[in-house]
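*Asks:* Before anything else, here's the structure in question.
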């Protein structure tokens, strides 16, 4: 066992030769399919995405049966994980990767061992499909793709609009930020949160940063950095896509060759049977027809795949690449460009981005670290909360404070509406046509603790009706009548009550004469106030 001579059951794609040595499967379709699988995983860095590519391209994966026959089936996630974790595909002889134990009740349990605890591990013991170093890198990728907190890692690109998924680092604790999505205002919004300590130890959440402003700033930075190399990048992408399509077509050709071989074998079997033995002849004829049907399906599948690949390469991809060479910024902002592709492009340029939220300033600092080691700092504005969005603008509050010196609530509301001002509640959905009302004006005065109009008038020395009646030695009804005819000034402090302004000198006198009506006294008083005052000598007639 420790010498690597114990013959273990080999996985699909590896066989023992006549001398007992481990070699690659002589079936070229099996070889090329497994090689294509590892190449696809190296590009996508995701087992599930590799399974999706095999499904979309109509490719099958080999599976060895117990009797030694090889059967091609659709690739599953469990098969992909089993192949990626098996060190035999890297040419390494291993033994004891798992340990069986028997519990008290007699049941067997299986426990995976660490690589240091394996009884035998011999890299480069036989030919493999990948190198031992590539196998170790694949294991790291699979571990990084986990959703746990244990590894501060840059996970693979996934669906979702969060551009920095797996590459955002908390500027306070240094952990990688998680992504949380929320459906708001009919669209999906992303948030970068750091809640590891909150979940494990019940501590306050470290940071919660809105994703759209951050993603927009990073997108503009990428567009600026990528514009000079857009033409070269477009050519490289086109070559890669074409090579991938050629590899898929080669695997389809191998499937056709296998189907042709099996059809020829079924034909020879049918031709060798005695025609008089109809029971055997009918069975072999049915098998031959089934093989011919499989061959026809394989050829049709190849034609469909070639047409689909050619259409993608000549139409959609060609147009995208031309757009990239003309204006990368337009391609980046194109809503048809998948978010996963943006993240893949970002992974080749940016190592990580450290986010530090500054609530007091209403900004977020972005420290971008590029692959080459260059660091660039950006600043974004934090989006306003719902309470901030519906908050009345400060200039409107200042205007209300000035208008309180001369107007009451309904008048102030009318003035604000005439000047085109709108309350903060217009930011709410369905409230875009909201207007100021006396009640809203009163709420703002109370909320911002503005001095009321009553207090302002009292500071200017104005009296209530009772106080004015005592001061003038008249009844309260007479005060109201004098204010009505203008002998004394009346200033309303709401829609129902008023304060009265008593002149400093020349106070009106109480009279009781039917021949001197209030309107006549008011007109005479106004005329006296408007005539120019003469000197004392002129009043006495002195020349």
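In the numbering used here, the protein residues as written are 1331 to 1873. Note that CB positions come from ideal geometry on N, CA and C, so glycine has one too.
(1) Return yes when the Cβ of residue 1798 is within less than 7 Å of the Cβ of residue 1809, no when it is not.
(2) If you count every other CB in all the chains shown that lies within 10 Å of the CB of residue 1715, and 16 or more means buried, which is it?
(3) My guess is that residue 1521 and residue 1510 are in contact by the Cβ rule of under 8 Å, so how many angstroms apart are they, rounded?
(4) Can you give me the C-alpha to C-alpha distance between residue 1699 and residue 1464, rounded to a whole angstrom?
(5) Label residue 1814 either buried or exposed according to how many other C-beta atoms from any shown protein chain fall within 10 Å of its C-beta, with 16 as the threshold for buried.
(6) Can you tell me whether residue 1684 is buried or exposed, with buried defined as 16 or more other CB within 10 angstroms of its CB?
(7) Do residue 1363 and residue 1581 count as a contact pair if the criterion is CB distance below 7 Å?
(8) Rounded to the nearest angstrom, how far is the Cβ of residue 1385 from that of residue 1393, given a contact under 8 Å?
(9) Between which two residues does the beta strand (DSSP E) harbouring residue 1693 extend?
(10) Step through the CB atoms of chain B and report whether any lies within less than 7 Å of the CB of residue 1758.
(11) Which two residues bound the contiguous alpha helix (DSSP H) that contains residue 1527?
(12) Does the distance from the C-beta atom of residue 1414 to that of residue 1468 stay below 7 Å?
(13) Spatial neighbours of residue 1707 within its chain, please: CB distance less than 6 Å, with the 5 preceding and 5 following residues excluded, ordered by chain position.
(14) In angstroms with no decimal places, state the Cα-to-Cα distance between residue 1726 and residue 1523.
(15) Tell me, which residues are paired with residue 1519 by DSSP?
(16) Taking the continuous beta strand (DSSP E) assigned at residue 1391, which residues delimit it?
(17) Measuring only the C-alpha atoms, how far is residue 1611 from residue 1605?
(18) Could you tell me the distance, in whole angstroms, from the CA atom of residue 1534 to the CA atom of residue 1691?
(19) DSSP on residue 1795, reduced to helix/strand/coil?
(20) Looking at residue 1428: is its Cβ nearer than 7 Å to the Cβ of residue 1442?
(21) Could you work out which residue in 1416, 1529, 1525 and 1390 is closest to residue 1536 when comparing CA atoms only?
(22) Less than 8 Å between C-beta atoms, sequence neighbours within five positions excluded: which residues of the same chain meet that for residue 1438?
(23) Quick check on residue 1603: does DSSP put it in helix, strand or coil?
(24) For residue 1418, name the three-state secondary structure that DSSP assigns.
(25) Since I believe residue 1449 is in contact with residue 1421 (beta carbons under 8 Å), could you give me their beta-carbon distance rounded to a whole number of angstroms?
(26) Can you find the residues in the same chain that come closer than 6 Å, C-beta to C-beta, to residue 1371, ignoring five residues on each side of it along the sequence?
(27) Applying the criterion that 16 or more other CB atoms from any shown protein chain within 10 Å of the CB defines a buried residue, is residue 1630 buried or exposed?
(28) Would residue 1544 pass as a contact of residue 1667 if the rule is Cβ separation under 7 Å?
(29) Spatial neighbours of residue 1357 within its chain, please: CB distance less than 7 Å, with the 5 preceding and 5 following residues excluded, ordered by chain position.
(30) Roughly how many angstroms lie between the CA atoms of residue 1719 and residue 1789, to the nearest whole one?
(31) Closer than 6 Å: is that where the CB of residue 1765 sits relative to any heavy atom of the ligand SAH?
(32) Exposed or buried, which one is residue 1732 when buried takes at least 16 other CB atoms within 10 Å?
(33) Below 7 Å between beta carbons: does that hold for residue 1734 and residue 1765?
(34) Can you tell me whether residue 1396 is buried or exposed, with buried defined as 16 or more other CB within 10 angstroms of its CB?
(35) Give the straight-line distance between the Cα atoms of residue 1885 and residue 1375, rounded to the nearest whole angstrom.
(36) To the nearest angstrom, report how far apart residue 1598 and residue 1587 are at their CA atoms.
*Replies:* Taking the structure as given:
(1) Here residue 1809 refers to the residue found at position 479 when the chain shown is read from its first residue. Here residue 1798 refers to the residue found at position 468 when the chain shown is read from its first residue. In contact: residue 1809 and residue 1798 (Cβ atoms closer than 7 Å).
(2) Within the chain shown, numbered from 1, the residue matching residue 1715 stands at position 385. Per the 10 Å Cβ criterion, exposed.
(3) Translated into the one-based positions of the chain shown, residue 1521 becomes position 191. Translated into the one-based positions of the chain shown, residue 1510 becomes position 180. Contact holds; Cβ gap of about 5 Å.
(4) Reading the chain shown from its first residue, position 369 is the one you call residue 1699. Reading the chain shown from its first residue, position 134 is the one you call residue 1464. Distance between the alpha carbons of residue 1699 and residue 1464: 26 Å.
(5) Locating residue 1814 in the chain shown gives position 484, counting from the first residue. Under a 10 Å Cβ-count criterion, residue 1814 is classified as exposed, with fewer than 16 other Cβ atoms of the shown protein chains found around its own Cβ.
(6) Stepping through the chain shown from its first residue, residue 1684 is reached at position 354. Classification of residue 1684: buried, given that the 10 Å Cβ count is 16 or more.
(7) Along the chain shown, read from residue 1 onward, the residue named residue 1581 stands at position 251. Along the chain shown, read from residue 1 onward, the residue named residue 1363 stands at position 33. Going by C-beta atoms, residue 1581 is nearer than 7 Å to residue 1363.
(8) Within the chain shown, the letter at position 55 stands for residue 1385. Within the chain shown, the letter at position 63 stands for residue 1393. Residue 1385 to residue 1393, Cβ: 16 Å. No contact.
(9) The count along the chain shown starts at 1 and reaches residue 1693 at position 363. First-last of the beta strand (DSSP E) with residue 1693: 1693-1700.
(10) This model lacks chain B altogether, as it is built from one protein chain only.
(11) What you label residue 1527 is simply residue 197 of the chain shown in a count that begins at 1. 1526-1531 is the extent of the alpha helix (DSSP H) around residue 1527.
(12) For the purposes of this step, residue 1414 is taken as the residue at position 84 of the chain shown. For the purposes of this step, residue 1468 is taken as the residue at position 138 of the chain shown. Yes. Within cutoff.
(13) For this step, residue 1707 is matched to residue 377 along the chain shown. Counting only Cβ-Cβ distances below 6 Å, and skipping sequence neighbours, we find 1697.
(14) Stepping through the chain shown from its first residue, residue 1726 is reached at position 396. Stepping through the chain shown from its first residue, residue 1523 is reached at position 193. Their Cα atoms are separated by approximately 36 Å.
(15) The residue labelled residue 1519 in the question sits at position 189 within the chain shown. Its beta-bridge partners are 1512.
(16) One-based indexing of the chain shown puts residue 1391 at position 61. Residues 1390-1394.
(17) Numbered from 1 along the chain shown, position 281 holds the residue referred to as residue 1611. Numbered from 1 along the chain shown, position 275 holds the residue referred to as residue 1605. Cα to Cα, the separation comes out at about 6 Å.
(18) In the chain shown, the residue the question calls residue 1534 occupies position 204. In the chain shown, the residue the question calls residue 1691 occupies position 361. When rounded, the distance between both Cα atoms is 21 Å.
(19) Position 465 of the chain shown, counted from the first residue, corresponds to residue 1795. Under the three-state reduction of DSSP, residue 1795 is assigned to helix.
(20) By 1-based counting over the chain shown, the position of residue 1428 is 98. By 1-based counting over the chain shown, the position of residue 1442 is 112. Yes; because the gap between Cβ atoms is below 7 Å, this pair is in contact.
(21) The count along the chain shown starts at 1 and reaches residue 1536 at position 206. If we check each option's Cα against that of residue 1536, 1525 comes out closest.
(22) By 1-based counting over the chain shown, the position of residue 1438 is 108. Non-local beta-carbon contacts of residue 1438 in its own chain, meaning distances under 8 Å to residues more than five positions away in sequence, involve 1430, 1431 and 1432 in chain order.
(23) On the chain shown, position 273 is the one that residue 1603 refers to. Of the three classes helix, strand and coil, the one that applies to residue 1603 here is coil, per DSSP.
(24) On the chain shown, position 88 is the one that residue 1418 refers to. Three-state DSSP puts residue 1418 in a helix.
(25) Taking the chain shown and counting its residues from 1, the one referred to as residue 1421 is at position 91. Taking the chain shown and counting its residues from 1, the one referred to as residue 1449 is at position 119. Rounded, the Cβ-Cβ distance is 19 Å, inconsistent with contact.
(26) Walking along the chain shown from the start, residue 1371 turns up at place 41. 1380, listed in sequence order.
(27) As a position in the chain shown, residue 1630 is number 300, starting the count at 1. When all chains shown are included, residue 1630 counts as exposed.
(28) As a first step, residue 1544 must be located in the chain shown, where it is residue number 214. As a first step, residue 1667 must be located in the chain shown, where it is residue number 337. Cβ atoms of residue 1544 and residue 1667: not closer than 7 Å.
(29) Mapped onto the chain shown, residue 1357 falls at position 27. Here the set comprises 1400.
(30) Here the question's residue 1719 lines up with position 389 in the chain shown. Here the question's residue 1789 lines up with position 459 in the chain shown. The alpha-carbon atoms of residue 1719 and residue 1789 are separated by roughly 36 Å.
(31) Of ligands this structure carries none, so the ligand SAH is not represented either.
(32) Here residue 1732 refers to the residue found at position 402 of the chain shown. Its Cβ having fewer than 16 others within 10 Å, residue 1732 is exposed.
(33) Stepping through the chain shown from its first residue, residue 1734 is reached at position 404. Stepping through the chain shown from its first residue, residue 1765 is reached at position 435. For residue 1734 and residue 1765, no; Cβs fall outside 7 Å.
(34) For the purposes of this step, residue 1396 is identified with residue 66 of the chain shown, where counting begins at 1. Result: exposed.
(35) Outside the displayed span of the chain (1331 to 1873) sits residue 1885, for which this structure offers no information.
(36) Position 268 of the chain shown, counting from 1, holds the residue named residue 1598. Position 257 of the chain shown, counting from 1, holds the residue named residue 1587. For residue 1598 and residue 1587, the distance between alpha carbons rounds to 17 Å.
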